[in-house]
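K.L.:
In the numbering used here, the protein residues as written are 408 to 767.
All C-beta atoms, glycine included, are put in the ideal place defined by N, C-alpha and C.
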Ligand code: OGA
Ligand code: NI
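(1) Does the distance from the C-beta atom of residue 646 to that of residue 752 stay below 9 Å?
(2) In or out: residue 555 buried (at least 16 other Cβ within 10 Å) or exposed?
(3) Quick one: which unbroken alpha helix (DSSP H) runs of 4-plus residues sit fully inside the segment 584 to 651? Chain order, please.
(4) State the Cα-Cα distance for the pair residue 530 and residue 536, rounded to the nearest angstrom.
(5) By Cβ distance below 6 Å, which residues in the same chain neighbour residue 477 in space, the five residues on each side in sequence not counted?
(6) For residue 645, is the beta carbon positioned less than 8 Å from some heavy atom of the ligand NI?
(7) Is residue 714 closer than 9 Å to residue 653 when the C-beta atoms are compared?
(8) Is residue 620 near the ligand NI, in the sense that its beta carbon is under 8 Å from a heavy atom of that ligand?
(9) I need the DSSP call for residue 422, collapsed to helix, strand or coil.
(10) Looking at residue 648 and the ligand NI, is the gap between the Cβ and the nearest heavy atom below 8 Å?
(11) With H, G and I counted as helix, E and B as strand and the rest as coil, what does DSSP make of residue 675?
(12) In whole angstroms, give me the CA-to-CA distance for residue 617 and residue 589.
(13) Shortest alpha-carbon distance to residue 623 belongs to which of 557, 462, 644, 579?
(14) If we ignore side chains and look at the alpha-carbon of each, how far apart do residue 601 and residue 499 end up?
(15) Within 10 Å of its beta-carbon, does residue 710 have 16 or more other beta-carbons around it, so buried, or fewer, so exposed?
(16) Could you spell out where the alpha helix (DSSP H) holding residue 689 opens and where it closes?
(17) Which two residues bound the contiguous beta strand (DSSP E) that contains residue 700?
(18) Please list, in chain order, all residues of the same chain as residue 759 whose beta carbon is under 6 Å from its beta carbon, the five residues on each side excluded.
(19) Determine the contact status of residue 561 and residue 619, defining contact as a CB-CB distance below 9 Å.
(20) Should residue 448 be labelled buried (16 or more other beta-carbon atoms within 10 Å of its own) or exposed?
(21) Is residue 700 a contact residue of the ligand NI, with contact defined as CB to any heavy atom under 8 Å?
(22) Can you list the beta strand (DSSP E) stretches of 3 or more residues lying completely in the segment 441 to 502, in chain order?
(23) Determine the closest residue to residue 422 out of 458, 677, 548, with distance taken between C-alpha atoms.
(24) Cβ of residue 613 within 9 Å of Cβ of residue 570?
(25) Spell out a yes or no on whether the segment 737 to 746 and the segment 657 to 672 are touching, meaning 3 or more CB-CB pairs, one atom from each, closer than 8 Å.
(26) Is DSSP giving residue 712 helix, strand or coil here?
(27) Could you tell me if residue 520 is buried or exposed, where buried requires 16 or more neighbouring beta carbons within 10 angstroms of its beta carbon?
(28) How should residue 585 be labelled, buried or exposed, when 16 other C-beta atoms within 10 angstroms of its C-beta is the threshold for buried?
(29) How long is the line joining the alpha carbons of residue 641 and residue 762, rounded to whole angstroms?
(30) Of the residues 615, 692, 501, 633, which one's Cα is nearest the Cα of residue 703?
(31) Entirely within the segment 508 to 582 and at least 4 residues each: give me those alpha helix (DSSP H) ranges in chain order.
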């Protein structure tokens, strides 16, 4: 993704990978990982939190030739998006074996020695490559190691940091990306229709099949002996238009916020969890809400996920669709270009939301 090549101001040095830290520190959590709850009463004990509604959307019904089934699923989608902003997509056509394979190559990657990963996957761009978190001076680090790769469009891939030392890594990521693109097109069209926009509206703004930018985040959340002191990812909304997430198939951890309360996202076998990001909130003039979410850590088990953040090309100026602006819903956001590079990566490391800076 073409984001600014300079790193934002006042960032701490990236943390050492958590995987390495836990080898040496034992039960002691390093101070710079301890998450200070803004409100001490907030509970992030995963076991005591309710599940969100199941919010199942069936892709085969969205693409059904029966207009009744199709309309019914669109109505459901609209309801879920206006209440939760995130849903579990089933019958999406990605095979179980492809889902297992993408999880497998990521596990093989992070099982390799640190030297190999750091040497081979070090990028000059601060937002790509393998490693721990970058945050601003006053923030604690996330309990999360990740590999970030620009994945789409293909001419922006930095193949020199795409692992070639894990068998099938590149091929699997390539195949998975093609499948995610197929799903993305259907979903973006359905979301547009569900709010009575012309079906290509969001898809075209996102650059269509050729132009869409996809930024992949492979996440690894090692276990933590004192999970209530850390967070895998602090509360945030994604800077994407939408995010397509493959969760761990055994270990929970993702939570979403609704009406100032946290809810657990259940594991639905083989489903993809899809959530609205900031750029779709902007384009929809606030009708679609970018979901605030966070990740909590398990005491004993590691968790993995693969997030694909899908967004318009950075040179494209986005703004609310005029069809969605009227007396009842006046214009909510300013126009913006390069949302990821110019705004998101400036605010996110400080634990702030960039979308609020565009609000009227
Ligand atoms: C992210 C994210 C959730 C997860 O990568 O932005 O929110 O479950 N991931 O890993
Ligand atoms: Ni996220």
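P.N.:
Walking through what the data contain:
(1) Numbered from its first residue, the chain shown carries residue 646 at position 239. Numbered from its first residue, the chain shown carries residue 752 at position 345. Yes, these two residues count as a Cβ contact at 9 Å.
(2) By one-based count along the chain shown, residue 555 stands at place 148. Buried: at least 16 other Cβ atoms inside 10 Å.
(3) 608 to 612, 615 to 618
(4) Taking the first residue of the chain shown as 1, we reach residue 530 at position 123. Taking the first residue of the chain shown as 1, we reach residue 536 at position 129. Going by the C-alpha atoms only, they are around 5 Å apart.
(5) For this step, residue 477 is matched to residue 70 along the chain shown. Once the five neighbours on either side are set aside, the close Cβ partners of residue 477 are 471.
(6) Locating residue 645 in the chain shown gives position 238, where the first residue counts as 1. Flag set: Cβ of residue 645 near the ligand NI.
(7) As a first step, residue 653 must be located in the chain shown, where it is residue number 246. As a first step, residue 714 must be located in the chain shown, where it is residue number 307. Yes; because the gap between Cβ atoms is below 9 Å, this pair is in contact.
(8) Counted from its first residue, the chain shown places residue 620 at position 213. Result no, Cβ not under 8 Å from the ligand NI.
(9) As a first step, residue 422 is located in the chain shown; it is residue number 15 there, counting from the start. Coil, per DSSP.
(10) As a working note, residue 648 is residue 241 in the chain shown. Not under cutoff, so the answer is no.
(11) The residue you call residue 675 lines up with position 268 of the chain shown. In this structure, residue 675 counts as coil in the three-state DSSP scheme.
(12) By one-based count along the chain shown, residue 617 stands at place 210. By one-based count along the chain shown, residue 589 stands at place 182. Rounded to whole angstroms, residue 617 to residue 589 spans 12 Å at the Cα level.
(13) Numbered from 1 along the chain shown, position 216 holds the residue referred to as residue 623. That would be 557, whose Cα lies nearest to the Cα of residue 623.
(14) Within the chain shown, the letter at position 194 stands for residue 601. Within the chain shown, the letter at position 92 stands for residue 499. Taking the straight line joining both Cα atoms gives about 18 Å.
(15) Residue mapping note: residue 710 aligns to position 303 of the chain shown, counting from 1. Looking at its Cβ environment, which holds 16 or more other Cβ atoms inside 10 Å, residue 710 is buried.
(16) To locate residue 689, count along the chain shown from 1; it is residue 282. Run containing residue 689: 685 to 690, per the alpha helix (DSSP H) assignment.
(17) For the purposes of this step, residue 700 is identified with residue 293 of the chain shown, where counting begins at 1. Unbroken beta strand (DSSP E) run through residue 700: 700 to 702.
(18) Here residue 759 corresponds to residue number 352 of the chain shown, with the count starting at 1. Around residue 759: no qualifying Cβ.
(19) In the chain shown, the residue the question calls residue 561 occupies position 154. In the chain shown, the residue the question calls residue 619 occupies position 212. Going by C-beta atoms, residue 561 is not nearer than 9 Å to residue 619.
(20) To locate residue 448, count along the chain shown from 1; it is residue 41. Since pLDDT at residue 448 reaches only 46, below the 50 mark, its modelled position is unreliable, and no value is offered.
(21) In the chain shown, residue 700 corresponds to position 293, counting from 1. The answer is yes for residue 700.
(22) 463 to 465, 493 to 497
(23) Your numbering for residue 422 matches position 15 in the chain shown. When only C-alpha atoms are compared, the closest one is 548.
(24) As a working note, residue 613 is residue 206 in the chain shown. As a working note, residue 570 is residue 163 in the chain shown. Using a Cβ distance threshold of 9 Å, residue 613 and residue 570 do not count as a contacting pair.
(25) no
(26) For the purposes of this step, residue 712 is taken as residue 305 along the chain shown, with counting starting at 1. Three-state result, residue 712: strand.
(27) As a first step, residue 520 must be located in the chain shown, where it is residue number 113. That one is exposed.
(28) Locating residue 585 in the chain shown gives position 178, where the first residue counts as 1. With fewer than 16 Cβ atoms within 10 Å of its Cβ, residue 585 is classed as exposed.
(29) Taking the chain shown and counting its residues from 1, one reaches residue 641 at position 234. Taking the chain shown and counting its residues from 1, one reaches residue 762 at position 355. The alpha-carbon atoms of residue 641 and residue 762 are separated by roughly 17 Å.
(30) Numbered from 1 along the chain shown, position 296 holds the residue referred to as residue 703. The residue with the shortest Cα to Cα distance from residue 703 is 633.
(31) 521 to 527
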